[in-house]
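Enquirer: Remember, this note's numbering sits 6 above the position in the sequence shown when you count from 1.
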Amino acid sequence: MEGAMRVKHVLQVAGVALALLAVLFGCSFGVTIQGRIEQFLEDLNATSRDQLYLNLDPALTDYNSLKDPLYWDGWFPLVGGGTSYFLVNQVTDDSGVTTAIVTADISGPATFLGPKALVIGLVKDGLNWMIHTITLDAIDVVPYNP
Numbered sequence: 007m008e009g010a011m012r013v014k015h016v017l018q019v020a021g022v023a024l025a026l027l028a029v030l031f032g033c034s035f036g037v038t039i040q041g042r043i044e045q046f047l048e049d050l051n052a053t054s055r056d057q058l059y060l061n062l063d064p065a066l067t068d069y070n071s072l073k074d075p076l077y078w079d080g081w082f083p084l085v086g087g088g089t090s091y092f093l094v095n096q097v098t099d100d101s102g103v104t105t106a107i108v109t110a111d112i113s114g115p116a117t118f119l120g121p122k123a124l125v126i127g128l129v130k131d132g133l134n135w136m137i138h139t140i141t142l143d144a145i146d147v148v149p150y151n152p
């Protein structure tokens with residue numbers, strides 16, 4: 007009986023230690039829908055769009071074309087001093103197990119001429135939610151629309 011209690015105690019301590027290690031070393035438990043949207047906005051507001059494509063589903067047939075920062079600059083003009091892109095009226099439909107849709111109004115710098123209707127379709131890839139489609143005022147941005 008005493009041996010079983012000792013094993014149980016060792017397992018509890020090991021479980022707590024693993025949880026602490028995961029937190030301390032930043033183990034990823036995946037990117038949530040909201041986390042992906044926030045990262046996309048952060049990348050839109052960056053001075054360079056060279057990392058923005060990392061929010062997209064790598065299975066997209068036009069994934070390589072979407073890596074070009076100039077493509078994004080055409081749809082979302084670069085932000086300037088004191089301005090940024092932000093969402094209002096955000097609604098998430100995540101009733102699917104591996105798909106979700108986020109709708110919102112997006113505003114940004116004056117040259118963006120917002121607010122505009124934004125619809126982002128996401129797919130689950132392992133533990134991570136990835137952007138699969140983007141429409142802006144009912145025009146496809148993703149898939150690639152030169």
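Just so it is clear, CB atoms sit at the ideal spot from N, CA and C, and this is done for glycine as well.
Alpha carbon to alpha carbon, what distance is there between residue 118 and residue 104?
Expert: Answer to the nearest angstrom: the Cα atoms are 32 Å apart.
Enquirer: Only counting the same chain, and skipping five residues up and downstream in sequence, which positions put a Cβ closer than 6 Å to that of residue 125?
Expert: Closer than 6 Å at Cβ, skipping near neighbours: 109 and 141.
Enquirer: For residue 75, tell me which candidate among 58, 9, 101 and 130 has the shortest Cα-Cα distance.
Expert: That would be 58, whose Cα lies nearest to the Cα of residue 75.
Enquirer: Do three or more CB pairs link the segment 128-137 to the segment 33-43 at distances below 8 Å?
Expert: Contact between the segment 128-137 and the segment 33-43 is present, because at least three Cβ pairs lie under 8 Å.
Enquirer: Tell me the residue span of the beta strand (DSSP E) that contains residue 92.
Expert: Segment 92-99, the beta strand (DSSP E) holding residue 92.
Enquirer: Give me the Cα-Cα distance between residue 83 and residue 90, rounded to the nearest whole angstrom.
Expert: One C-alpha to the other measures close to 10 Å.
Enquirer: Quick one, which of 77, 101 and 113 has its alpha-carbon nearest residue 129's?
Expert: Residue 101 is the option with its Cα nearest to residue 129.
Enquirer: With distances taken between CB atoms, is the gap from residue 66 to residue 149 smaller than 8 Å?
Expert: Taking 8 Å as the Cβ cut-off, residue 66 and residue 149 qualify as a contacting pair.
Enquirer: Could you spell out the range, first to last residue, of the beta strand (DSSP E) harbouring residue 111?
Expert: Run containing residue 111: 105-113, per the beta strand (DSSP E) assignment.
Enquirer: Nearest CA to the CA of residue 86: which residue from 53, 95, 145 and 131?
Expert: Closest by alpha carbon: 53.
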